[in-house]
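Trainee: Got a structure for you, questions after.
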Amino acid sequence: MSKITRPLRSVLYIPGSKDRALDKARGLPADAIIFDLEDAVIPEEKTAARETLATALKDGGYGSRYKVIRINGLDTEWGADDARAAAKMDCDAILLPKVGSPADLDALAEITGDIPLWAMMETPGAMLNAAAIGAHPKLQCMVMGTNDLNKDLQTRVRADRLPLMTGLGLCVLAAKANGIAIVDGVYNAFKDDEGHRVECDQGRDMGFDGKTLIHPAQLDVANEAFSPSEAEADLARRQIEAFDEMQATGQGVAVVDGRIVENLHVATARETLAKLDAIAALQTE
Ligand SMILES: CC(C)(COP(=O)(O)OP(=O)(O)OC[C@H]1O[C@@H](n2cnc3c(N)ncnc32)[C@H](O)[C@@H]1OP(=O)(O)O)[C@@H](O)C(=O)NCCC(=O)NCCSC(=O)C[C@H](O)C(=O)O
Ligand SMILES: [Mg+2]
């Protein structure tokens with residue numbers, strides 16, 4: 056499996072059937088795009104959407120944005136044809152909805168070969184099998200499907216997402232244990248910037264790499280929430296400097312702002328600065 060080293064702060068869903076949205080995305084500040092053939096496309100348009108998407112990707116213009124195609128499930132009448140078609144399109148990964156076990160990814164890989172796979176984590180069974188799914192050799196990223204998860208769990212939708220916390224936590228653990236990326240679910244109220252910001256911050260605190268989005272208006276908030284802040288960058292630089300100074304005197308612990316700094320904190324500080332460099336590189340691409 057090829058590990059993603061680029062930022063995935065903002066991952067925008069675009070219905071594969073909507074020409075206008077497919078075109079608009081060429082100029083939007085999204086780190087990644089999920090070209091959707093599943094829930095955003097009505098059954099009557101699914102076959103035509105495959106063609107529309109193939110044309111859009113052939114025409115190109117998406118720059119360095121990571122391009123992911125979400126196909127329909129392989130247990131649907133469209134899934135296998137989607138997979139065969141997606142494997143021939145110019146994309147970076149293929150996203151399978153409602154993954155329940157590693158066998159689902161095996162079945163997709165039989166059709167798509169070496170293309171990296173992403174998995175929608177959106178059923179109770181997937182939460183319980185997260186560790187095994189995360190260890191699949193072709194899996195590159197987990198995507199939380201919080202709408203489907205809410206539906207299957209019969210939860211009440213709460214601002215603090217308490218009913219989802221076990222599932223979100225299990226998936227974050229599975230992704231980190233396997234060294235793959237993981238992005239949070241969508242915030243449905245796309246005109247509610249404040250609620251979106253709160254949920255982005257919560258996802259960032261939990262260790263998600265970014266958030267999936269349904270509307271361009273959500274991009275800036277996600278990009279900011281999942282970027283290191285000025286204060287975090289400043290602290291990282293000072294931690295590295297203080298630790299290097301301490302090491303030069305033969306000591307293994309420094310103190311910055313009243314807190315100890317050991318080699319593991321320096322590793323985090325270096326990751327923070329590397330992420331900033333990766334974000335800066337996106338802007339020059
Ligand atoms: C939610 C929407 C239906 C709203 O659409 P619309 O009313 O057209 O919005 P606007 O008029 O405000 O749009 C302004 C312009 O922005 C473009 N646009 C809108 N959405 C997108 C988009 N996602 N990507 C790119 N461009 C977009 C419009 O074309 C307008 O452009 P212009 O006219 O040139 O100014 C709509 O946003 C939408 O369809 N969003 C995507 C919905 C979707 O993909 N849903 C499926 C994924 S969510 C999911 O399934 C998660 C998971 O599986 C789970 O279980 O949780
Ligand atoms: Mg879903």
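Note that our numbering has the sequence shown beginning at 56, numbered continuously upward.
Note that the Cβ used here is the ideal one computed from N, Cα and C, for glycine as well.
1) Drop a sphere of 10 angstroms on the beta-carbon of Glu254, count the other beta-carbons inside from all chains shown, and report buried for 16 or more, exposed for fewer.
2) Which residues share a DSSP beta bridge with Ser65?
3) Enumerate in chain order the residues of its own chain whose CB-to-CB distance from Ser156 is below 6 Å, with the five nearest sequence positions on each side excluded.
4) Would the beta-carbon of Lys58 be found less than 6 Å away from any heavy atom of ligand 1?
5) Measuring only the C-alpha atoms, how far is Lys122 from Gly168?
6) Can you give, in chain order, each stretch of the beta strand (DSSP E) that sits fully within the stretch 213-258 and has at least 3 residues?
7) Taking the continuous beta strand (DSSP E) assigned at Gln195, which residues delimit it?
8) Does the Cβ of Gly222 have 16 or more other Cβ atoms within 10 Å, making it buried, or fewer, making it exposed?
9) Please state whether the Cβ-Cβ distance between Ile237 and Met197 is less than 7 Å.
10) What I want to know is whether the C-beta of Gly128 ends up closer than 6 Å to one or more non-hydrogen atoms of ligand 2.
11) What does the alpha-carbon distance come out to for the pair Ile295 and Ala322?
12) Based on DSSP bridge pairs, tell me the residues matched to Ala297.
13) Rank Gly258, Ile235, Pro192, Ile188 by C-alpha distance to the C-alpha of Thr201 and give the top, closest one.
14) Excluding the 5 residues flanking Asn233 on each side, which residues of the same chain have their C-beta closer than 7 Å to its C-beta?
15) By how many angstroms is the C-alpha of Arg211 removed from the C-alpha of Phe298?
Mentor: Reading off the structure:
1) Here Glu254 is buried, its C-beta having at least 16 other C-beta atoms within 10 Å.
2) Per DSSP, the beta bridge partners of Ser65 are Lys266.
3) Counting only residues of its own chain and dropping the five nearest sequence neighbours on each side, Ser156 has a CB closer than 6 Å to the CB of Asn184.
4) No, the Cβ of Lys58 stays beyond 6 Å of every heavy atom of ligand 1.
5) As the crow flies, the alpha-carbon of Lys122 is around 17 Å from that of Gly168.
6) Fully enclosed beta strand (DSSP E) runs of 3 or longer: 236-239.
7) Element bounds for Gln195: 194-199.
8) Gly222 should be labelled buried.
9) Contact: yes.
10) Not one heavy atom of ligand 2 sits closer than 6 Å to the Cβ of Gly128.
11) It is roughly 9 Å from the alpha-carbon of Ile295 to the alpha-carbon of Ala322.
12) Ala297 is not bridged to any residue.
13) Measuring from the Cα of Thr201, the nearest candidate turns out to be Gly258.
14) Here the set comprises Gly189, Ala190.
15) In a straight line, the C-alpha of Phe298 is about 47 Å away from that of Arg211.
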